[in-house]
Structures are given as C-alpha cells and as structure tokens.
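Chains as they are written, first to last, in the working numbering: chain A, 1 to 265; chain B, 1001 to 1242. Worksheet: the structure to be examined is printed underneath.
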Amino acid sequence: MWKLAQAYSASLEEKVKEIAFSMQDFLFFSLRAFRALGASKRYWRDVLDQAYICGTESLPILMVSALSIGSLIVIEVGHQLAEFGAKTMTGRSVALSVVREISPLVAGIMLAARVGARNSSELGAMQISEQIDALRAFGTDPIAKLVVPRLVASFLMFVPLIALCDIVGLISGAYLAEWDLHLDRGIYWNSVVDILRPMDWLVGFSKPPVFAIGISLISCYTGFSTTGGTAGVGKSTIKGIVYSSAFVLVMNFYLSKVILDFMRG
Amino acid sequence: MIELRNVSLRYGAREILKNVSLTIEDKKVKAILGPSGVGKSTIIKLMLGLIKPTSGQVLVDDVDITHFSEVELFPIRQKMGIVFQGNALFDSMTITENMSFFLRENLNLPEEEIEARVKEQMKFAGLEGFENNLPDSLSGGMRKRVAIGRALIFHPTMILFDEPTAGLDPVSSKKILDLIKRLQSEIGLGAVIVTHILQDVFAVADSVAVLYQGKIIFNDAPQKLYDSTHSFITSFLSNPED
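This is the structure:
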C-alpha cells in the first residue's frame, strides 16, 4: 500500500513538472510570437489568407449560432416575463444577454473549435512532416511565417464577427418576440436601445480581442508541439480545441466580472 | 568542414548521444549508419543548429555554432542544404514555388536570378516539364529529387541527407544515389548521408561512422567494416535487412 502511494506520488510529481514545463514553454512561445509581430507586414498575404479562413469561412456557422442565441433567450426569458405581464421588457433581457455575454461566449467557443482545430491540425501536420524544421533549416522563422499571420488575422476578424453575431442575435430575438409573444417590434427595439449603455458594449467588445490572442496562441502552440505521427496530430487537435474553449469560458467570466465590478465602482 | 566535439544529447532521462566526436570533410561523402531510432537524424539536426546539444561543441568551418541564435545560424545554414526523410515539401506549393520559396524569403535576388536558379536545379534533378505540378502528384523518387533541388538552391558546400532512399523502390533508389554521386563529382559538394541501408553506404560513401547505443563504434572507410570485430557490426553485415 505504501509502495502504491509512493508510485502515485512520483507519477503526480512527474505530471506537475510536465505541466509546469509546458506552461513555461507556452509562455516563451507567446513572447516570441509577440516579438515577431512586425513580420505581419512582410507576410501580409498570409494575414489576408488567414483572415479569409477565420473570418469569411467562419461566418455561416457563426450566423446559425447567433440566430439561435436571440431566439432561445426570447423563448426562455420572454415567456417568464410574459407571465408577470412584463413581456415588453423582453428586448432588454435579450440585449444585455446577447451583447455582454452569450454572443461573445458562443461565438468564442465556435471560433475556438473552428479556428483552433484548423491551426492545431495544420501546424501539427507540418511539424510531423518536418516542414517546420525545413523552414528553420532554410532560414525562415516559423513563428513569424506561421503564427503571426494567424494571430493578427484572428485579432482583426474576431471583433467584426462577434459584432455581426450581436446584430443577428438581436434581430432573431425581435422576430421571435413578434411571432411567439406577439410583441411589437418597435417596443422590442425601443427597450433594446434604452437598456444598452457604453459599458455593455465595452464588456462585449473587450472579449473578442482577448479570445483571438488566446485561441491563436494556444492552438498554434499545440500544433507546434505535436509529436508521435498522425495519432499525435489527432491528440494536438483535441488539445487545441479543448484548451481554447476552456480559455474562452474562463476569460468570458473574468472579463465580465472585472469590467462590471470596475465600472460599478 | 563540420565537426562534432564530444557531443552528448539527453531528452529527460533518455541519453540519445554519448560523447560523439565526428568530422565531415569538405567534398567528401560521409555516411552515418545505424539501426532505426538510434539518433542518426539527430546528428544532422545538431549540425544545422536545429537542436542544441546537452554538452559538447558543433563547429562549422572552425566556427563554434553551438550557442548561435537563429539569426546567427542563417549564414551557416546557407552553406548546408538538407534533404529531410519525408522531403518536407510544402503541399500547397508547386514544384517551382517549393524551390524558389526560400530564395524569395531570404535573399534579395532579382526575379531573373531566382528563375535561373530554379531552372538550373530543375534540370539537374531531371524535373523539367513538372514545374507546375504539386508534390502530391509526383512519385516518391521525384519528390525526393525536388527536395534535393531545393536543398541546392542556395548553392551550399555541403548537403545533408536523412535516409535518402528509405521507402523508395530499387530503381528510384538507384536514381537518387546516382544523383548524390553527381553532386560530388560534378559540383564538388560534400555530403552527410544518414542511413540504415548498408548498400547506400557502399554505393556513395567515402567513409562511414556507425552509431550504436548513442556512441560511434566505427569510423573509417566502408570496406574496413568487414575487418571490424564489433558484435553489432558483424551482425549488421550478416543481416543488413534487420
């Protein structure tokens, strides 16, 4: 029993060391990416390509998600409000939930899955086929060439993407409120406009740049650290999605909490 | 000239190389022979500065590059071309783009010069007519020749081959070995060939180092292998396929 406990403790120690080394490695990787940011000028074509991939190609899935966000809030909250005779406040609930929380969160998770999976798998495949070593061997900085364009493109695209999600979410809420709750669209939009303050937009739009940086760096790092052949690419893709999504969930909470607490004094 | 002086490399508890010393002279072909997974490819990566040794020194033309940064390594790497085991070609680029990519990236050459260099390597590698093909549409042997052409694009003085004939059919293997011989006879290039195939060593190498359990156990002309009494070498010579 004692030996088993010792073995368990040793394996736990190894695991903790491994996590600490990975964290340190990720930190250095991120610092190198930030230091290489100037390369985005040189690789502007790659930035445009990545912007197309993470922006335009992500639009359909984000719009579908955004449509359901607004509609779901109307179904869940609108009916509760209607029971208390306060269905005219549906617009307020939809506006605050969509702009501050749900739209950035859902869009962030969708982007973590889509952009994160692509980065991890593409860079992982390049790593195991030695293409990343080839870049270094022939004098090209792989972080400048592969990571910086992805980071910059995500940073530029996430804000407009989430803004579009906000708009589509609010519009879908308006239509569902009219159809399901028989709420006049003018009343809905008046309450939306009334309730939204600059602080709410600040909370909502502070999130996409943070998500962009986190998702890009995490997924590129998991791709770069791929080992173990094609099975390794699978593992790093899963890691890329899971860690990016977890980052989005955690940061969504903390950004809301910190900004709202700060603004409320 | 490339020199490894008392190089050791360790990954965690695993010791890959133990006090390895090796010299690769200019215009000579040196083979590094050994079973799979023994750390042969690691030696090539050490020579290029892609990985750093745990201890010891790596010298290129008498310059100690062991602790060089990526920027400092670039002129050193230009002296050496590398052909990776899986070729490491960029799938989304045509053959011409693969060959010209690093010239455009790293040297400020006029477009005519880039085109001339690519054409020169396409001709040398016997790839004329395939300029606009993607790597996936070529056979294994042709992809290897593209990788050799790309490795020659900076006009290096030394070329490093990681398992150049692994996975190729006998005809393609012969073509690649002939190409390696031409590199030495026509261009006067030195080469390092990492391989586990004994025939490749006898076909092209001036000298061979045998790597076994992280140590160099033999370093001489290929023919002298038959004089060795080391149990691994005698077993390898009698069962070269193992």
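Yeah, the Cβ is synthetic: ideal placement off N, Cα and C, and Gly gets one too. In this text, all values refer to a predicted model and were calculated from it rather than measured experimentally.
Whole-Å CB distance - residue i paired with residue j, under 8 angstroms assumed
i, j, result
"B/M1099", "B/G1149", "5 angstroms"
"B/N1106", "B/A1147", "Between B/A1147 and B/N1106 the Cβ distance is about 18 angstroms, and since that is not below 8 angstroms, they are no contact."
"B/L1243", "B/P1053", "Nothing in the structure corresponds to residue 1243 of chain B, since chain B is present only between 1001 and 1242."
"A/V74", "A/L181", "7 angstroms"
"B/R1010", "B/L1048", "Not quite, the Cβ-Cβ distance comes to about 19 angstroms (not below 8 angstroms), so this is no contact."
"A/V115", "A/S65", "Contact doesn't hold; Cβ gap of about 14 angstroms is too wide."
"B/G1190", "B/M1158", "4 angstroms"
"B/F1218", "B/A1209", "7 angstroms"
"A/I241", "A/A112", "6 angstroms"
"A/S245", "A/I109", "5 angstroms"
"A/F84", "A/F158", "The pair is not a contact, with the Cβ atoms about 37 angstroms apart (cut-off 8 angstroms)."
"B/L1138", "B/T1094", "That pair is no contact at about 11 angstroms."
"A/F155", "A/P209", "6 angstroms"
"B/V1194", "B/D1162", "5 angstroms"
Residue closest to residue i, alpha-carbon to alpha-carbon, out of the options
i, options, result
"A/L72", "A/V168, A/L260, A/M263, A/F224", "A/V168"
"A/P272", "A/C220, A/G229, A/M251, A/L59", "With chain A covering 1 to 265 only, the question about residue 272 of chain A has no answer from this structure."
"B/K1144", "B/L1109, B/F1084, B/I1024", "B/F1084"
"A/R264", "A/T226, A/F26, A/V203", "A/V203"
"A/T226", "A/L67, A/K3, A/Y8, A/S22", "A/S22"
"A/R197", "A/L96, A/E83, A/L81, A/L62", "A/L96"
"B/H1155", "B/G1140, B/L1183, B/D1178, B/P1164", "B/L1183"
"B/Q1223", "B/A1031, B/S1069, B/F1074", "B/A1031"
"B/L1059", "B/L1022, B/K1027, B/N1108", "B/L1022"
"B/Y1212", "B/T1229, B/I1016, B/I1002", "B/I1016"
"A/K145", "A/F205, A/A39, A/G55, A/M157", "A/A39"
"A/W201", "A/D166, A/V210, A/F158, A/V152", "A/D166"
"B/D1026", "B/K1018, B/D1062, B/S1055, B/V1038", "B/D1062"
"B/A1221", "B/V1020, B/I1024, B/K1174", "B/I1024"
"A/A33", "A/F224, A/G85, A/S129", "A/F224"
"B/L1225", "B/S1238, B/L1103, B/E1111", "B/S1238"
"B/K1040", "B/S1228, B/M1142, B/G1214", "B/G1214"
"A/I132", "B/G1037, B/V1038, B/L1050", "B/L1050"
"B/I1180", "B/T1165, B/R1117, B/P1110", "B/T1165"
"A/V192", "A/P208, A/S172, A/P209", "A/S172"
"A/G229", "A/Y175, A/L123, A/N252, A/V250", "A/L123"
"B/P1075", "A/V248, A/A5, A/T140, A/Y8", "A/T140"
"A/A174", "A/I69, A/T56, A/E13, A/I19", "A/I69"
"B/V1192", "B/R1014, B/N1019, B/T1042", "B/T1042"
"B/V1020", "B/I1082, B/I1233, B/I1216", "B/I1216"
"B/I1044", "B/T1234, B/H1230, B/L1168, B/L1160", "B/L1160"
"B/K1249", "B/F1102, B/F1101, B/T1096", "Here chain B has residues from 1001 to 1242 only, and residue 1249 of chain B is not among them."
"A/E177", "A/L67, A/P142, A/I259", "In the sequence on display, residue 177 of chain A carries Ala and not Glu. Per the Cα distances, A/L67."
"A/L183", "A/G78, A/L249, A/D194", "A/G78"
Proximal chain A residues relative to residue i, where beta-carbon distance stays under 8 angstroms
i, result
"B/K1086", "Note that residue 1086 of chain B is Gly in the sequence shown here, rather than Lys. Here the neighbours are S129, E130."
"B/F1202", "What B/F1202 touches in chain A: nothing, since even the nearest Cβ is about 27 angstroms away."
"B/F1243", "Not covered by the structure: residue 1243 of chain B. The range shown for chain B is 1001 to 1242."
Any non-hydrogen atom of the ligand GDP closer than 7 angstroms to residue i Cβ
i, result
"A/P209", "Looking at this structure, you won't find the ligand GDP or any other ligand, since it has none at all."
Closer than 9 angstroms at the beta carbon, the chain B residues around residue i
i, result
"A/L46", "Just to set this straight, residue 46 of chain A is Asp in the shown sequence, not Leu. Within chain B, no residue comes near A/D46; the closest Cβ sits about 12 angstroms away, beyond 9 angstroms."
"A/G70", "The contacting residues do not exist; A/G70 stays about 39 angstroms from chain B at best."
Min CB distance residue i to chain D below 8 angstroms
i, result
"A/F21", "Considering every chain present, this structure includes no chain D. Its protein chains are A and B."
Residue i: contacting residues in chain B (beta-carbon distance under 7 angstroms)
i, result
"A/D25", "Near A/D25 there are no residues of chain B at all, since even the closest Cβ is about 14 angstroms away, more than 7 angstroms."
Neighbour list for residue i in chain A, Cβ cutoff strictly below 7 angstroms
i, result
"B/L1050", "D133, R136, A137"
"B/I1082", "A137"
Residue i: contacting residues in chain B (beta-carbon distance under 8 angstroms)
i, result
"A/D141", "E1070"
Cross-chain neighbours of residue i in chain A, by beta carbon under 9 angstroms
i, result
"B/R1077", "R136, A137, F138, G139"
ask   = Would you call the segment 47-58 of chain A and the segment 95-102 of chain A in contact, with 3 or more CB pairs under 8 angstroms?
value = By the Cβ rule, the segment 47-58 of chain A does not count as touching the segment 95-102 of chain A, because fewer than three pairs are nearer than 8 angstroms.
query = Counting Cβ pairs closer than 8 angstroms, one from the segment 111-121 of chain A and one from the segment 205-219 of chain A, do we hit at least three?
reply = Taking a contact to require three or more Cβ pairs closer than 8 angstroms, the segment 111-121 of chain A and the segment 205-219 of chain A qualify as touching.
inquiry  = Across the segment 152-172 of chain A and the segment 1127-1146 of chain B, are there enough close Cβ pairs to call them in contact, namely three or more that are closer than 8 angstroms?
reply    = The segment 152-172 of chain A makes no contact with the segment 1127-1146 of chain B; the number of CB pairs closer than 8 angstroms stays below 3.
Any 3 or more C-beta pairs closer than 8 angstroms across the segment 227-242 of chain A and the segment 136-152 of chain A = Too few Cβ pairs lie closer than 8 angstroms, so no.
query = Which residues, taken in chain order from the segment 1086-1107 of chain B, show a beta carbon closer than 7 angstroms to some beta carbon of chain A?
reply = Here the close residues are G1086, A1088, F1090, F1102, E1105, N1106.
query = Along the segment 1110-1137 of chain B, what residues have a CB closer than 8 angstroms to any CB found in chain A?
reply = Flagged: no residues at all.
ask   = Are the segment 1195-1206 of chain B and the segment 1004-1022 of chain B touching, with three or more C-beta to C-beta distances below 8 angstroms?
value = No, the segment 1195-1206 of chain B is not in contact with the segment 1004-1022 of chain B.
query = Is it true that the segment 187-205 of chain A meets the segment 84-98 of chain A, where meeting means three or more beta-carbon pairs spaced less than 8 angstroms apart?
reply = Result yes; three or more Cβ-Cβ pairs closer than 8 angstroms.
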